[in-house]
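In this note's numbering, the protein residues as written are 2 to 93. A virtual CB, placed ideally from N, CA and C, is assigned to each residue, including glycine. In what follows, a structure is listed as structure tokens, so that the remarks can point back to it.
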């Protein structure tokens, strides 16, 4: 099963479960049915957004510099400047 098929299957499963709750096919107390079930998709969306923001912040906080990549990038910039100078373009 490919990753896309797995994602679609999980999405359909969650949607089916929510619809069963929303259409009252699964008996729940009246308070839960009227106050909680209708806002579950919004709660899930906000929770997913909070998770993604946390993950982004964590990755920014633990970002590691790579000195070799910096040296390689500077060398490529100097090579590009040399090529442009050879073609008569003022790069400084």
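I need the DSSP call for residue i, collapsed to helix, strand or coil.
i: residue 135; result: Here the chain has residues from 2 to 93 only, and residue 135 is not among them.
i: residue 30; result: coil
i: residue 64; result: coil
i: residue 8; result: helix
i: residue 88; result: coil
i: residue 1; result: Since the first residue shown for the chain is 2 and the last is 93, residue 1 is missing from the structure and cannot be characterised.
i: residue 24; result: coil
i: residue 35; result: helix
Are residue i and residue j closer than 9 Å when you measure CB to CB?
i: residue 53; j: residue 22; result: no
Who are the Cβ neighbours of residue i in its own chain at under 6 Å, not counting the five residues just before and after it?
i: residue 82; result: 92
i: residue 85; result: 92
Tell me which same chain residues have a C-beta within less than 8 Å of the C-beta of residue i, skipping the five on either side of it?
i: residue 24; result: none
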